[in-house]
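Numbering that gives the first Met the number 0 puts the sequence shown at residues 0 to 242. Where a beta carbon is used, it is the ideal one built from N, C-alpha and C, also for glycine. The structure presented is a predicted model; accordingly, all values stated were derived computationally and were not measured. The next block holds one structure in the form of structure tokens; read it before the comments.
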Amino acid sequence: MSALLSLFASLVERLAELLQPLFATTATAAAIVLFTLLVRLAIHPLSRASARGQKARTRIAPQLAALRKKHAKNPERLRKAMTELHAREKVSPFAGILPALLQAPAFLLMYHLFAGDRMTGHTLFAAPLGDHWADALAHGGVLGQAGVVYLVLFALVAAVATFTYRRTKRQLAAQPLDLGQPTPGAGAIAKVMPLLSFATLVTVAVVPLAAALYVVTSTAWAAVERALLFREEKSPQAVATRA
């Protein structure tokens, strides 16, 4: 782990050196943002595959509902029929989690790198990258120099979370979780799921500022990426309306 952190620290420092002429004292923070964008760009093909899988799952949802109704009293036959349907339609029920899983190591490295003393002295304006929101509150309060940095981050996260919340609500309205079948807890999940986008606010408040930068950048990328990947969903309805 120590060797990996050293390698990661060298990478961040090298990026910061390249960005120094443009960003001066905030070069390390800019390097974190750039690193995050590179990670998201690297896994973008998987995100596209995940989006295709989600669209395919939406397409076969009526068939799944029919299978649940047909084999309601035979769970083993239902599992087999659902597996056969997924294989026939080339749909993986687990494809959507791959992008998140592949991001986890990068986030953990960022967290451990700045949680220790390897990168002390690096700041985002007046806020040290290894500090937490509690540190900013203890040194200047909410409107102190470091506190204002966090207020800007919270505002960005809130804006992205609101956008994601509204989009998720629309998607759930168009594609209910129960798919016409009684599903235990589906109503509660449908109410809670859109609110999960605001959980990022808690993450930003409790992790080191460097990790918070990673989270904010990644969350913003994800919101824009999903909006672009799923923008064509409205096309058939729009065409039908114009016709």
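Close-in-space but distant-in-sequence residues of the same chain around residue i (CB under 6 Å, 5 per side omitted)
i, result
"T27", "A15, H121"
"Q144", "A125"
"W132", "Y149, A204"
"L3", "none"
With 16 other Cβ atoms within 10 Å as the buried cut-off, status of residue i
i, result
"S9", "exposed"
"F34", "buried"
"R13", "exposed"
"P61", "exposed"
"V223", "exposed"
"P127", "buried"
"G129", "buried"
"L6", "exposed"
"L212", "buried"
"G146", "buried"
"P235", "For P235, the predicted model reports a pLDDT of 42, less than 50, meaning its position is unreliable and no value from the coordinates is stated."
"L21", "exposed"
"V141", "exposed"
Nearest residue (CA-CA) to residue i, options the options
i, options, result
"F277", "F229, L200, P44, I31", "A query on residue 277 cannot be resolved here, the shown segment of the chain reaching from 0 to 242 and no further."
"A23", "A210, F124, H138", "F124"
"P149", "A135, G139, F162", "Position check: residue 149 holds Tyr in this sequence, whereas Pro was assumed. The shortest C-alpha separation from Y149 is found at A135."
"L63", "G146, A41, R87", "R87"
"T25", "L36, V38, L37, V11", "V11"
"V191", "R165, P20, H111", "R165"
"A105", "R39, A172, A226, P20", "R39"
Cβ distance (whole Å) where residue i is taken to contact residue j below 8 Å
i, j, result
"V159", "T218", "5 Å"
"L208", "A50", "Not quite, the Cβ-Cβ distance comes to about 31 Å (not below 8 Å), so this is no contact."
"L101", "L45", "7 Å"
"P98", "I42", "5 Å"
"L18", "W220", "Contact doesn't hold; Cβ gap of about 18 Å is too wide."
"V90", "R56", "6 Å"
"M109", "A210", "5 Å"
Own chain residues within Cβ distance below 7 Å of residue i, not counting five before or after
i, result
"H70", "R76, L77, A80"
"T163", "S196, A222"
Own chain partners of residue i with C-beta closer than 8 Å, once the 5 adjacent residues on each side are dropped
i, result
"L200", "F153, V156, A157, A160"
"K233", "Low confidence applies here, because K233 scores a pLDDT of 47, under 50, leaving its location unreliable and the question unanswered by this model."
Any non-hydrogen atom of the ligand ZN closer than 7 Å to residue i Cβ
i, result
"P20", "Looking for the ligand ZN in the displayed structure turns up nothing, as the structure carries no ligands at all."
| field | Unbroken stretches of the alpha helix (DSSP H), 4 residues or longer, contained in the segment 15–87 | value | 26–41, 43–69
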